[in-house]
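A short write-up of the structure that comes next.
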Amino acid sequence: MSTLKAVRGTRDLLPPETELWNRVERTAREVFSRYNFGEIRTPIFEDTSLFARGVGEETDIVSKEMYTWEDRARAQSEKAQSLTLRPENTAGVVRAYIEHKLGEAGLLQKLYYIGPQFRRERPQKGRYRQFWQIGAEVIGPTSAGSESPLRDAEVLEMLASFLDELGISGWRLEINSVGSALDRPRYVAALREALAPVKHLMCEDNQRRAETNPLRVLDSKDPNDQELINNLPKIADYLDEDSKAHFAAVLAALDACGVPYHVNPRLVRGLDYYTRTTFEFTHGGLGAQNALLGGGRYDGLSENIGGPKAPGIGFAMGEDRLILTLQAQAEQQATLADYYIAPLAAELNPAALELARELRRKGLRIEVGDGSFRLKKSFEVANKLAKKIILLGEDEASTGVLTVKDFATAEQTKVARAELA
Ligand code: ATP
Ligand code: MG
């Protein structure tokens, strides 16, 4: 008999790793509760049409990634119902918002969820068929301020706080505005026009997208198509005054609270329901699957699935990718010294040891090289052992201003000795 294994793209989470999962979830609950979010738990499967209408027929998720089946009819007169394992949770949350008339109180609903999602994708590092998302939504009637750019900025600031509190360093926030429901058709028309004469030069996927969903061409990762894509019209040039002002207000609020961001005019995201603000937090340590989380505003989603007008903004984090990032960081932290001190001549060895003593006393992890090493060798050894190298030459020893190179960023800077810790 052949042995049974977990289905391709699914996996068991075992101790001690599950402890890390619990820490991530605990931190999310703690941080979100400080922003007064409450938890929602929606069913793991829903009527297929919720995703078809809510996420969009032309999206990758709905067109090729869903686990869908016909439920058995209970009686002969009954039609079999098409059901789908949820590929994402925003549609389910908005369905629940409508079903329970959560908007009738006239207040904003601030809801978060933690749970598994299912997509039939090619499994690889950071990409599974059952994966976990931690997400949140702010949704409500316009009179409750649900369209305010302050809500967008608050959600983004919460995410920055969450990642910082979790100890994830080196995240990058990319942000864009895809405009309102009025701006988008004008932009899509311009895209179609610009794509028409060049699409035959693009990869097969992009040729298809150019027909069915031209916005998707923008987030294509195909290396051969990048130059053509960079020359396509930018959505920023198609935003109306309201959308422009909204986006400017989001960025101003981020500036005010010191959350760093990068405007990326190509960021359109994979779901049809987004309007205005869209964003992603990426992390370099994740390789090809570099998105830690994605989100945006969805002012028309509720109406799309038969509800009242209820603008909203939300995000979904890939919990699996948060875990991968934390594990990679922990591995690096465990093995790398903070600094490798490279004395540039044997006479400087005593000064190097003295500097090492000073930094170790401040709690830093230090490796000291040897002044007899050639510079090239010092760099090679340092790169294996430490995050940064300090070059200690005659000048540096006398002035107390040291040359420091950070291997992660390849940046070389002058740092005063007292500021090294
Ligand atoms: P990607 O471009 O990586 O396919 P996506 O745009 O499909 O991401 P979203 O639908 O926005 O992703 O989901 C939000 C987050 O959920 C992603 O940023 C990612 O961290 C995570 N995620 C999405 N699909 C998977 C998957 N198959 N396995 C693990 N995590 C996933
Ligand atoms: Mg995807």
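Take the sequence shown: its letter number 162 is residue 814 in the numbering used here, and every next letter is one higher.
Yeah, the Cβ is synthetic: ideal placement off N, Cα and C, and Gly gets one too.
Sheet register partners of Pro-995 (DSSP bridge): Counting from 1 along the sequence shown, the entry for residue 995 is found at position 343. In the DSSP output, where bridge partners are listed per residue, Pro-995 has Leu-1044.
Less than 8 angstroms between C-beta atoms, sequence neighbours within five positions excluded: which residues of the same chain meet that for Arg-779? Indexing the sequence shown from 1 puts residue 779 at position 127. These residues qualify, in order along the chain: Glu-773, Gln-941.
Between the alpha carbons of Gly-1021 and Ala-994, how many angstroms are there, rounded? Here residue 1021 corresponds to residue number 369 of the sequence shown, with the count starting at 1. Here residue 994 corresponds to residue number 342 of the sequence shown, with the count starting at 1. Whole-angstrom Cα-Cα distance: 5 angstroms.
Work out the CA separation of Leu-880 and Pro-837 for me, nearest whole Å. Taking the first residue of the sequence shown as position 1, residue 837 is located at position 185. Taking the first residue of the sequence shown as position 1, residue 880 is located at position 228. Their backbone Cα atoms lie some 21 angstroms apart in a straight line.
Which residues mark the beginning and the end of the beta strand (DSSP E) in which Arg-844 is found? Within the sequence shown, residue 844 is the residue found at index 192, counting from 1. Not the beta strand (DSSP E): Arg-844 falls in the alpha helix (DSSP H), residues 835-847.
Any beta-carbon of chain B closer than 9 angstroms to the one on Trp-721? In the displayed structure, chain B is absent; only one protein chain is listed.
Does Ala-982 come out as helix, strand or coil in the three-state DSSP assignment? Taking the sequence shown and counting its residues from 1, the one referred to as residue 982 is at position 330. Reduced to three states, the DSSP call for Ala-982 is helix.
Note down, in chain order, each residue of its chain lying with its Cβ closer than 6 angstroms to the Cβ of Val-746, except the 5 sequence neighbours on either side. For this step, residue 746 is matched to residue 94 along the sequence shown. Non-local beta-carbon contacts of Val-746 in its own chain, meaning distances under 6 angstroms to residues more than five positions away in sequence, involve Leu-953, Ser-954 in chain order.
Short Cβ contact (9 angstroms threshold) for Lys-961 with Pro-793: As a first step, residue 961 must be located in the sequence shown, where it is residue number 309. As a first step, residue 793 must be located in the sequence shown, where it is residue number 141. Cβ distance < 9 angstroms, so Lys-961 and Pro-793 count as in contact.
With Val-807 as the anchor, note down where its alpha helix (DSSP H) starts and where it stops. Indexing the sequence shown from 1 puts residue 807 at position 155. Taken as a continuous stretch (DSSP letters only), the alpha helix (DSSP H) holding Val-807 covers 801-818.
How would you call His-752, buried or exposed, if buried means at least 16 neighbouring beta carbons within 10 angstroms? Locating residue 752 in the sequence shown gives position 100, counting from the first residue. Exposed: under 16 other Cβ atoms inside 10 Å.
Report back the beta-carbon spacing between Gly-958 and Tyr-926 to the nearest angstrom; my notes put them in contact at under 8 angstroms. Stepping through the sequence shown from its first residue, residue 958 is reached at position 306. Stepping through the sequence shown from its first residue, residue 926 is reached at position 274. Going by Cβ atoms, the distance from Gly-958 to Tyr-926 rounds to 19 angstroms, so no, they are not a contact pair.
Would you call the segment 700-720 in contact with the segment 804-815, where contact means no fewer than 3 C-beta pairs closer than 8 angstroms? no
Any non-hydrogen atom of the ligand ATP within 8 angstroms of Met-969 CB: Numbered from its first residue, the sequence shown carries residue 969 at position 317. Result yes, Cβ under 8 angstroms from the ligand ATP.
Between the CA atoms of Leu-996 and Glu-1032 - distance to the nearest angstrom: On the sequence shown, residue 1032 is found 380 positions in, with the first residue counted as 1. On the sequence shown, residue 996 is found 344 positions in, with the first residue counted as 1. Going from the Cα of Glu-1032 to the Cα of Leu-996 covers about 14 angstroms.
Local conformation of Ser-734 per DSSP, three classes: Here residue 734 is taken as the residue at index 82 of the sequence shown, counted from 1. The answer is strand: DSSP assigns Ser-734 an E or B state.
So, Leu-1016 versus Ala-1073, is the Cβ gap smaller than 9 angstroms? Mapped onto the sequence shown, residue 1016 falls at position 364. Mapped onto the sequence shown, residue 1073 falls at position 421. Yes. Within cutoff.
Let me check you understand the geometry: is the CB of Asp-857 closer than 8 angstroms to at least one non-hydrogen atom of the ligand MG? One-based indexing of the sequence shown puts residue 857 at position 205. Not so, every heavy atom of the ligand MG lies at least 8 angstroms from the Cβ.
Please classify Glu-1063: is it buried, with 16 or more other beta-carbons within 10 angstroms of its beta-carbon, or exposed? Within the sequence shown, residue 1063 is the residue found at index 411, counting from 1. It counts as exposed.
Find the nearest neighbour of Asn-883 within the set Leu-870, Tyr-890, Leu-891, Ser-895, judged by alpha-carbon distance. Position 231 of the sequence shown, counted from the start, is the residue given in the question as residue 883. Of the candidates Leu-870, Tyr-890, Leu-891, Ser-895, the one whose C-alpha sits nearest the C-alpha of Asn-883 is Leu-870.
Run through DSSP, which three-state label would Leu-903 get? Counted from its first residue, the sequence shown places residue 903 at position 251. Three-state result, Leu-903: helix.
What is the DSSP secondary structure of Phe-933, counted as helix, strand or coil? In the sequence shown, counting from the first residue as 1, residue 933 sits at position 281. DSSP places Phe-933 in the strand class (E or B) of the three-state scheme.
Whole-angstrom C-beta distance between Pro-885 and Ala-833, which should lie under 8 angstroms: Walking along the sequence shown from the start, residue 833 turns up at place 181. Walking along the sequence shown from the start, residue 885 turns up at place 233. That belief does not hold up - the Cβ atoms of Ala-833 and Pro-885 are roughly 19 angstroms apart, past 8 angstroms.
Between the segment 900-920 and the segment 693-703, can you find at least three pairs of beta-carbon atoms closer than 8 angstroms? Short answer: they don't touch.
My parser needs the alpha helix (DSSP H) runs of 4 or more residues fully inside the segment 919-971; what are they? 953-956
Please return the same chain residues whose Cβ sits closer than 8 angstroms to the Cβ of Gly-831, not counting the five positions on each side in sequence. Here the question's residue 831 lines up with position 179 in the sequence shown. Taken in chain order, the residues that qualify are Tyr-839, Ile-887, Tyr-890, Leu-891, Asp-892, Ser-895, Thr-927, Arg-928.
Please state whether DSSP places Asp-894 in a helix, a strand or coil. Residue numbering aside, residue 894 sits at position 242 when the sequence shown is read from its first letter. It is helical.
Using a Cβ-Cβ cut-off of 8 angstroms (strictly less than) and excluding sequence neighbours within five positions of Glu-999, which residues of its own chain qualify? Translated into the one-based positions of the sequence shown, residue 999 becomes position 347. The residues are Gly-1023.
Report whether the distance from the Cβ of Asp-712 to the nearest heavy atom of the ligand MG is below 8 angstroms. The residue you call residue 712 lines up with position 60 of the sequence shown. Because some heavy atom of the ligand MG lies under 8 angstroms away, the Cβ of Asp-712 counts as near it: yes.
Could you check the C-alpha separation between Asp-924 and Glu-983 for me, to the nearest Å? Sequence index remark: in the sequence shown, residue 924 carries index 272 (1-based). Sequence index remark: in the sequence shown, residue 983 carries index 331 (1-based). Those two C-alpha atoms are separated by around 38 angstroms.
Can you give me the Cβ contacts of Ala-1003 inside the same chain, cut-off strictly under 8 angstroms, excluding the 5 residues immediately before and after it? Here residue 1003 corresponds to residue number 351 of the sequence shown, with the count starting at 1. Closer than 8 angstroms at the Cβ level, and outside the excluded window around Ala-1003, lie Pro-995, Leu-1044, Ala-1049.
If you follow the beta strand (DSSP E) that Ala-1068 is in, where does it begin and where does it stop? The sequence position of residue 1068 within the sequence shown is 416, counting from 1. Segment 1063-1068, the beta strand (DSSP E) holding Ala-1068.
Applying the 10 Å Cβ sphere with the 16-neighbour rule, what's the burial state of Pro-667? Counted from its first residue, the sequence shown places residue 667 at position 15. Label assigned to Pro-667: exposed.
For Phe-770, three-class secondary structure by DSSP: Locating residue 770 in the sequence shown gives position 118, where the first residue counts as 1. Looking at Phe-770 - three-state DSSP - the assignment turns out to be strand.
Pro-775: which of Val-790, Thr-1055, Gly-661 sits nearest, CA to CA? Translated into positions along the sequence shown, residue 775 becomes position 123. Pro-775 has its Cα closest to that of Gly-661, out of Val-790, Thr-1055, Gly-661.
Going by Cα to Cα distance, which pick from Tyr-765, Glu-682, Arg-678, Gly-970 is closest to Ile-696? Working through the sequence shown from its first residue, we reach residue 696 at position 44. Out of Tyr-765, Glu-682, Arg-678, Gly-970, Tyr-765 has the C-alpha closest to the C-alpha of Ile-696.
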